[in-house]
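Undergrad: Protein sequences appear in the order of chains A and B. Quick note: the numbering used here has the first sequence finishing at residue 1443, numbered continuously throughout. Quick note: the numbering used here has the second sequence finishing at residue 302, numbered continuously throughout. In this text, a Cβ means the ideal position worked out from N, Cα and C, and glycines have one as well.
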Amino acid sequence: MNLVKKRKIKNVIALSVSVFAAIVGLFWLVFILSSVLIKGASSLNLSLFLNDPAPPGIPGGGLRCAFVGQAIITLIATLVGVPIGVLGGTFLAEYGRYKKYSEIISSLADMMTSFPSIVVGVFVYTVMVRPMGHFNGYAGAVALAIIMIPIIVRTTEETLKLIPWELREAAFALGAPYYRVIKDIVFRGAATGLFTGILLSVARVAVETAPLLFTSFNNSFLTLNPNQPMPSLTVTIYQYAMGPYEAWHRLAWGASFVIVLFVLIMSVLGRWIINKRYKNG
Amino acid sequence: MKERFYVKEGLFKSLSFASALIIVLICIAMFVVLFVFSYPAIKQFGVLHFILSDAWNPVKRIFGGAGAIYGTIVTTVLSLIFAVPVSLGIAIFITQICSHGLKRYFSNAIELLASIPSIIYGMWGLFTLAPLMRNYIEPFLQKIFLPIPVVRCLFEGTPLGIDLLTSGLVLSIMIIPFISSIARDTFELVPKELKESAYAMGATKWEMIKDVIFPYSKIGVLSGIIIATGRALGETMAVAFVLGNDHNIHLSLLKSSTTISVTLANEFTEADFRLYLSSLFYLAFILFIMSFTALGLAKFLLKRMKR
Chain A
1163 MNLVKKRKIK NVIALSVSVF AAIVGLFWLV FILSSVLIKG ASSLNLSLFL NDPAPPGIPG
1223 GGLRCAFVGQ AIITLIATLV GVPIGVLGGT FLAEYGRYKK YSEIISSLAD MMTSFPSIVV
1283 GVFVYTVMVR PMGHFNGYAG AVALAIIMIP IIVRTTEETL KLIPWELREA AFALGAPYYR
1343 VIKDIVFRGA ATGLFTGILL SVARVAVETA PLLFTSFNNS FLTLNPNQPM PSLTVTIYQY
1403 AMGPYEAWHR LAWGASFVIV LFVLIMSVLG RWIINKRYKN G
Chain B
-4 MKERFYVKEG LFKSLSFASA LIIVLICIAM FVVLFVFSYP AIKQFGVLHF ILSDAWNPVK
56 RIFGGAGAIY GTIVTTVLSL IFAVPVSLGI AIFITQICSH GLKRYFSNAI ELLASIPSII
116 YGMWGLFTLA PLMRNYIEPF LQKIFLPIPV VRCLFEGTPL GIDLLTSGLV LSIMIIPFIS
176 SIARDTFELV PKELKESAYA MGATKWEMIK DVIFPYSKIG VLSGIIIATG RALGETMAVA
236 FVLGNDHNIH LSLLKSSTTI SVTLANEFTE ADFRLYLSSL FYLAFILFIM SFTALGLAKF
296 LLKRMKR
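Structure below.
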């Protein structure tokens, strides 16, 4: 009897510890989100979006240039990264399916998704910034694209593999060449999944900081030419948060608020699309 | 008509093949570029000497990576110590305890932690966590551990909040979702029959978890931990805010330090002569090798598990 009691007590203790761990995990999430949202909301105002940075001491500065720069860099990175990623993933899931070398490429892509992003920044610095002679927005976009490609390759591969093989066979039987099967059958069937995957990957890469430090660098002016050093929200947050001025810190919190809101909206949107699809299908 | 199909087919196939090949090319190019640019430093300082020396002195033109490598390893190990138990607890909670309706929401909430950008972790660490550590937690730890003879050297120094301990904590929060989601997935792979037979023998829930689920899923969990290690090794922004930038090696966890990625972030744009830049490339090369090894190992284990 005593032994049974002891085992039961042990059971309760162990299970409570794991409940406690779950609470700890949730606690961090709530702690981080609430402190960013509370501090960020109080530093939000229109001038954050409409004005360019003012010199320290002069009120009314904003981060318009960083928002614009971030949008341009992300847009170029998306234009470069998404087609390559989708095509690469298509190859792995379709033409290269069951081949040894595509398994290797797939593993490599998987590893690259966890790769130190700062090393990518260093790499792009040597292959783009050095030859061109100055920091520029294109280099930042390429660095983000390099991070984006393996993520999109993997999501595309996983999504396309979910489409039943019989569907393709049906199309083959009608005499369709493989590229039309992919375009009209596989892509169409996987459209929602593909779109969501791409959306989440772009959202994830758009908020990277480390690869931009030595590629697009930073400045405090509205820059529309990607051939110039370009400001981005994340690098600006880094610079401002480490800086000595109270006004800078407020701007950094405001920018963090926007970024967190962006991430939250994107992930909720992604899940919503998937759930909707899941229910209908 | 048919010929046009062939042309298009060939075009599409080769285009997609080239896209897949880009992954491989990027990896190889990174390796080659990092090696070539770090070669002057490799030649100057050698391998062992660079790894073991913590002299980082741009003025005297002497560089050693030991400080950065030490900081990288210590913050990673600390983060694993904090994160592994919590993540396993979370995975157990999600798969074994939590009700079915709550399960999805809780999983999503933990995964949300992974989607918070690292710069936010850094900001939060600097402005919210570091003051708490400085004012409350670190003095409290010192009160407990300073009287104990050997352990005391880990907690010496004035608590500043900008140190190895805080960085380890921030990193641990970042890697919790990676470990817990892989652990959750592998726990769910355990066949129902095995669990039921444990219950049929009269095992309590904890005994079932300990004796059936853990042994069955240990390789999966291990690979999750290794992936998280790879992440923690290379994380830059979250740590850059709360670690300071000190190349000297201190035993105390309450001292500032640096990691390879933080050194790169802080000094790469300031390196004004060739050997300095080359030494930074050398550090980047070492980081490349470290994370590549960790991630490759994790991948290998996961592959073996699936067979």
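Starting from B/Trp119, find everything on chain A with Cβ-Cβ shorter than 7 Å and list it in chain order.
TA: Ile1194, Ser1197, Val1198
Undergrad: Please look up how many angstroms separate the CB atoms of B/Phe77 and B/Gly163, rounded, as I've assumed it's under 8 Å.
TA: 6 Å
Undergrad: Whose Cβ in chain C lies nearer than 9 Å to the Cβ of A/Trp1410?
TA: In summary, chain C is missing from the structure at hand, where the protein chains are A and B.
Undergrad: What residue ranges within the segment 253 to 290 of chain B form continuous alpha helix (DSSP H) runs of no fewer than 4 residues, ordered along the chain?
TA: 255 to 262
Undergrad: For B/Ile244, which of helix, strand or coil comes out of DSSP?
TA: coil
Undergrad: Taking DSSP as the reference, what is the three-state secondary structure of A/Asn1298?
TA: coil
Undergrad: Thinking C-alpha only, which one of A/Val1181, A/Ala1216, A/Phe1193 is nearest A/Asn1381?
TA: A/Ala1216
Undergrad: Is the segment 17 to 32 of chain B close to the segment 262 to 269 of chain B, with three or more CB pairs under 8 Å?
TA: no
Undergrad: What's the call for B/Lys294, buried or exposed, on a 16-neighbour Cβ count within 10 Å?
TA: buried
Undergrad: Using a beta-carbon distance cut-off of less than 9 Å, what residues from the segment 67 to 96 of chain B approach chain A?
TA: Pro80, Val81, Ser82, Leu83, Gly84, Ile85, Ala86, Ile87, Phe88, Ile89, Gln91, Ile92, Cys93
Undergrad: Report yes if the CB atom of A/Thr1377 is closer than 8 Å to the CB atom of A/Val1244, and no otherwise.
TA: no
Undergrad: I want to see whether chain A comes within less than 8 Å of B/Arg226, judged by CB atoms only; does it?
TA: At least one chain A Cβ lies under 8 Å of B/Arg226.
Undergrad: Where do the N-terminal and C-terminal ends of the alpha helix (DSSP H) with A/Val1291 fall, by residue?
TA: Neither: A/Val1291 is in no alpha helix (DSSP H) and is coded neither H nor E.
Undergrad: Mind checking if A/Lys1438 is an interface residue toward chain B, Cβ cutoff 8 Å exclusive?
TA: no
Undergrad: Using a Cβ-Cβ cut-off of 7 Å (strictly less than) and excluding sequence neighbours within five positions of A/Ser1279, which residues of its own chain qualify?
TA: Ile1309, Glu1370, Ala1372, Pro1373
Undergrad: Could you confirm whether any beta carbon from chain A is found closer than 8 Å to the beta carbon of B/Val54?
TA: no
Undergrad: Leaving out five residues on either side along the sequence, give the residues of the same chain with a beta carbon under 6 Å from the beta carbon of A/Arg1412.
TA: Ser1205
Undergrad: So which residues on chain A does B/Ser11 lean against when the C-beta distance must stay under 8 Å?
TA: Leu1249, Gly1250, Thr1252, Phe1253, Glu1256, Tyr1257
Undergrad: Would you verify that the beta carbon of B/Ser256 is, or is not, closer than 8 Å to some beta carbon of chain A?
TA: yes
Undergrad: In the segment 1220 to 1307 of chain A, which residue ranges form an unbroken beta strand (DSSP E) of at least 3 residues, counting only runs that do not cross its ends?
TA: none
Undergrad: If you drop the 5 nearest sequence neighbours on each side, which residues of the same chain put their C-beta closer than 8 Å to that of B/Ser102?
TA: Ile89, Ser176, Arg179
Undergrad: List the endpoints of the continuous alpha helix (DSSP H) containing B/Thr199.
TA: Careful: B/Thr199 lies outside any alpha helix (DSSP H) and carries neither H nor E.
Undergrad: Hey, quick one: how far does the alpha helix (DSSP H) through B/Cys22 stretch, first residue to last?
TA: -3 to 40
Undergrad: Taking Cβ positions only, does A/Asp1214 come closer than 8 Å to chain B?
TA: no
Undergrad: Look at the Cβ atom of A/Val1242, then the Cβ atom of A/Ala1271, and state whether they are nearer than 8 Å.
TA: no
Undergrad: Kindly list, in the order they appear in chain B, the residues whose Cβ is closer than 9 Å to that of A/Thr1236.
TA: By Cβ distance, chain B contributes nothing, its closest Cβ being about 13 Å from A/Thr1236, past 9 Å.
Undergrad: Step through the CB atoms of chain B and report whether any lies within less than 8 Å of the CB of A/Gly1187.
TA: yes
Undergrad: Using a Cβ cut-off of 8 Å (strictly closer), state whether A/Trp1190 contacts chain B.
TA: yes
Undergrad: Distance, Cα to Cα, B/Lys250 vs A/Lys1345?
TA: 58 Å
Undergrad: Should A/Leu1199 and A/Val1422 be called a contact, given that it needs their Cβ atoms to be closer than 8 Å?
TA: yes
Undergrad: Name the residues in the segment 1277 to 1305 of chain A whose C-beta lies less than 9 Å from a C-beta of chain B; which are they?
TA: Phe1277, Pro1278, Ser1279, Ile1280, Val1281, Val1282, Gly1283, Val1284, Phe1285, Tyr1287, Thr1288, Val1289, Phe1297
Undergrad: Label A/Phe1383 either buried or exposed according to how many other C-beta atoms from any shown protein chain fall within 10 Å of its C-beta, with 16 as the threshold for buried.
TA: Classification of A/Phe1383: exposed, given that the 10 Å Cβ count is below 16.
Undergrad: Give the residues of chain B in contact with A/Ser1269, contact being defined as C-beta atoms less than 7 Å apart.
TA: Lys294
Undergrad: Under 7 Å between beta-carbons, which chain B residues line up against A/Leu1177? List them in chain order, please.
TA: Ile92, Lys200, Trp201
Undergrad: Would you please state the rounded distance, in angstroms, between the beta carbons of A/Ala1255 and A/Glu1319? I believe it to be under 8 Å.
TA: 5 Å
Undergrad: Can you give me the Cβ contacts of B/Leu189 inside the same chain, cut-off strictly under 6 Å, excluding the 5 residues immediately before and after it?
TA: Val207
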